[in-house]
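Numbering (this note's numbering), first residue to last: 9 to 236.
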């Protein structure tokens, strides 16, 4: 079986060496980059299976790198895990808004890092649910193909946005708490702020356009997808 390739981007040599050592020890092939520009070039040339991306970088910062890669059809499907030193909510929210799939705060345990990498890779390769096509009014969801159309037009969702929509669409009218949404999208026991969930909902509504209002807020509880 071919080794999965991870691109690690960090301007601190000690961090690069630590992450590279632990990932290679766990069976991954690793490429490293120390600047935002090098990260973009390496991602386009090597097409890694996942990118570990530090936010504070010389030149293009991590947010800009994420934005560039998610807008490029050649790299947009590569999962990106942010590495953030502060773990502040505003950094996490901004990173998720640019299309990042997950985040890890520094300092981190190498074992936790490897576990999170494996989890993101697993989610990125497994269909959200290989079930029947779902139609919610003007929204059509193809779980196996990860495709969504709104009024017949394709909608480009991130992997996380797709999973949130699919979670809500499986039971229209059913109210899901933020914790239930996180458990469905990320897995049980995943720690995330309420604000981070709200960011995904805001992005999802915007991309659904005229059908964005189908995603309803139930004040003090969570979210639901409007029934017909």
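Just so you know, even glycine gets a beta-carbon here, dropped at the ideal spot from N, CA and C.
- Residue 125 has its alpha-carbon roughly 23 Å from the corresponding atom of residue 173.
- In the displayed model, residue 12 falls within coil according to three-state DSSP, outside both helix and strand.
- Excluding five sequence positions before and after residue 87, the CB atoms of its chain that fall closer than 6 Å to its own CB belong to 58, 109, 128, 132, given in chain order.
- For residue 22, the three-state secondary structure derived from DSSP is helix.
- In the DSSP assignment, residue 38 falls within the unbroken beta strand (DSSP E) covering 37 to 41.
- Assignment of residue 56 by DSSP, reduced to helix, strand and coil, places it in the coil class.
- Here the alpha carbon of residue 73 sits roughly 19 Å from the alpha carbon of residue 207.
- The C-beta distance from residue 65 to residue 44 rounds to 5 Å, short enough to meet the 8 Å contact threshold.
- In this structure residue 160 is exposed. Its beta-carbon is surrounded by fewer than 16 other beta-carbon atoms within 10 angstroms.
- Under the DSSP assignment, residue 99 falls outside any beta strand (DSSP E), being part of the alpha helix (DSSP H) whose first and last residues are 97 to 105.
- For residue 216, the closest of 226, 193, 181, 166 by C-alpha to C-alpha distance is 166.
- Residue ranges of uninterrupted beta strand (DSSP E) with 3 or more members, entirely inside the stretch 124 to 171 and ordered along the chain, are 142 to 144, 147 to 150, 155 to 158, 161 to 163.
- For residue 232, the CB contacts under 7 Å within the same chain, skipping 5 residues up- and downstream, are 176, 181, 182, 183, 184, 224, 226 in chain order.
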